[in-house]
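Engineer: The structure that follows is given in the form of structure tokens.
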Amino acid sequence: MNDKTAGFEEVAHTADLEIRVWGKDLVSLFKQAAVGMLHLSGVEELEEGISFVKQNITLEAMDYEGLLILFLEELLYRLTEEYMIFEVGKLSISSEFTLKAQLKGTQIKSYQRDIKAVTYHNLNIRSTPQGYEVNIVFDI
Numbered sequence: 007m008n009d010k011t012a013g014f015e016e017v018a019h020t021a022d023l024e025i026r027v028w029g030k031d032l033v034s035l036f037k038q039a040a041v042g043m044l045h046l047s048g049v050e051e052l053e054e055g056i057s058f059v060k061q062n063i064t065l066e067a068m069d070y071e072g073l074l075i076l077f078l079e080e081l082l083y084r085l086t087e088e089y090m091i092f093e094v095g096k097l098s099i100s101s102e103f104t105l106k107a108q109l110k111g112t113q114i115k116s117y118q119r120d121i122k123a124v125t126y127h128n129l130n131i132r133s134t135p136q137g138y139e140v141n142i143v144f145d146i
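First residue of the sequence shown: 7, per my numbering; consecutive thereafter.
In structure tokens, the structure reads:
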């Protein structure tokens with residue numbers, strides 16, 4: 007794991023996009039995964055004059071990996087279908103695999119890479135001495 011307490015880095019992948027994400031806890035891991043996915047999409051410009059939108063979401067899954075997929079897919083849908091990017095504010099994750107998040111979004115003009123889906127390929131949230139780590143593969 008990197009010296010920083012939370013972050014992400016792009017990992018070379020033959021056909022798709024992949025990032026390795028780490029965080030001191032599940033909340034920071036999920037937030038960094040969202041930042042990493044938006045980085046991969048290559049958002050080019052914010053739409054000028056558009057005010058911020060605030061929304062709350064609640065997601066439920068069978069495990070933390072499923073919850074991560076649902077969370078990223080929610081943000082991906084908003085990016086590709088609504089041309090909105092969201093900063094994740096307050097985020098909570100329960101031991102019953104429920105995620106609650108406050109999102110603050112803004113309209114964008116465009117993005118460079120079309121991410122089709124977040125995949126389960128080799129998805130495994132691992133506990134480390136520093137916190138948590140996961141590799142995420144995105145279908146392009």
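All residues carry an ideal CB built from backbone N, CA and C; glycine is no exception.
Please tell me whether Leu223 and Leu73 are closer than 8 Å, where the distance is taken between their beta carbons.
Structural biologist: The structure shown does not extend to residue 223, since the chain spans only 7 to 146, so no value can be given for it.
Engineer: Between which two residues does the beta strand (DSSP E) carrying Ile107 extend?
Structural biologist: If you number the sequence shown from 1, residue 107 lands on position 101. Before going further, note that residue 107 is Ala rather than Ile in the sequence given. That run of the beta strand (DSSP E) goes 104-117.
Engineer: Measuring only the C-alpha atoms, how far is Glu87 from Lys115?
Structural biologist: Counted from its first residue, the sequence shown places residue 87 at position 81. Counted from its first residue, the sequence shown places residue 115 at position 109. Their backbone Cα atoms lie some 12 Å apart in a straight line.
Engineer: Given a cut-off of 8 Å, decide if Glu24 and Val124 are closer than it, judged by their beta-carbon atoms.
Structural biologist: Locating residue 124 in the sequence shown gives position 118, counting from the first residue. Locating residue 24 in the sequence shown gives position 18, counting from the first residue. Their beta carbons are not under 8 Å apart, which means Val124 does not touch Glu24 by this criterion.
Engineer: Suppose you measure from the CA of Pro135 to the CA of Ala107; what does that come to, to the nearest Å?
Structural biologist: By 1-based counting over the sequence shown, the position of residue 135 is 129. By 1-based counting over the sequence shown, the position of residue 107 is 101. Rounded to whole angstroms, Pro135 to Ala107 spans 26 Å at the Cα level.
Engineer: Indicate the three-state DSSP secondary structure (helix, strand or coil) for Leu23 in the structure shown.
Structural biologist: Position 17 of the sequence shown, counted from the start, is the residue given in the question as residue 23. The three-state secondary structure of Leu23, taken from DSSP, is strand.
Engineer: May I ask which residues mark the beginning and end of the alpha helix (DSSP H) holding Gln38?
Structural biologist: As a first step, residue 38 must be located in the sequence shown, where it is residue number 32. Going by DSSP, Gln38 is part of the alpha helix (DSSP H) stretching over 32-47.
Engineer: Going by DSSP, what residues sit across from Glu15 in a beta bridge?
Structural biologist: Counted from its first residue, the sequence shown places residue 15 at position 9. Glu15 pairs with Arg26.
Engineer: Secondary structure at Glu54, three-state DSSP: helix, strand or coil?
Structural biologist: The sequence position of residue 54 within the sequence shown is 48, counting from 1. In the structure shown, Glu54 sits in coil (DSSP, three-state: anything other than H, G, I, E or B).
Engineer: Mind reading off the beta-carbon distance from Leu32 to Glu71? Whole number of angstroms is fine, and I expect it under 8 Å.
Structural biologist: Numbered from its first residue, the sequence shown carries residue 32 at position 26. Numbered from its first residue, the sequence shown carries residue 71 at position 65. About 11 Å separates the two Cβ atoms, so there is no contact after all.
Engineer: Using only the alpha-carbon positions, how far apart do Lys10 and Gly137 sit?
Structural biologist: Position 4 of the sequence shown, counted from the first residue, corresponds to residue 10. Position 131 of the sequence shown, counted from the first residue, corresponds to residue 137. Their backbone Cα atoms lie some 11 Å apart in a straight line.
Engineer: Assuming the contact rule is C-beta atoms closer than 8 Å, Leu85 and Tyr117 should be a hit. Round their C-beta distance to whole Å, please.
Structural biologist: Stepping through the sequence shown from its first residue, residue 85 is reached at position 79. Stepping through the sequence shown from its first residue, residue 117 is reached at position 111. With 8 Å as the limit, Leu85 and Tyr117 qualify as a contact, their Cβ atoms being about 7 Å apart.
Engineer: Which same chain residues end up closer than 6 Å to Arg26 when comparing Cβ atoms and leaving out the 5 residues on each side of it in sequence?
Structural biologist: Position 20 of the sequence shown, counted from the first residue, corresponds to residue 26. Contacts found: Glu15, Val17, Asn141.
Engineer: Are the CB atoms of Phe36 and Ala67 nearer to each other than 8 Å?
Structural biologist: Taking the first residue of the sequence shown as 1, we reach residue 36 at position 30. Taking the first residue of the sequence shown as 1, we reach residue 67 at position 61. If you check the CB distance, Phe36 and Ala67 do not come in under 8 Å.
Engineer: Would you identify the three-state DSSP class for Thr125, choosing helix, strand or coil?
Structural biologist: Stepping through the sequence shown from its first residue, residue 125 is reached at position 119. Here Thr125 sits in coil by DSSP.
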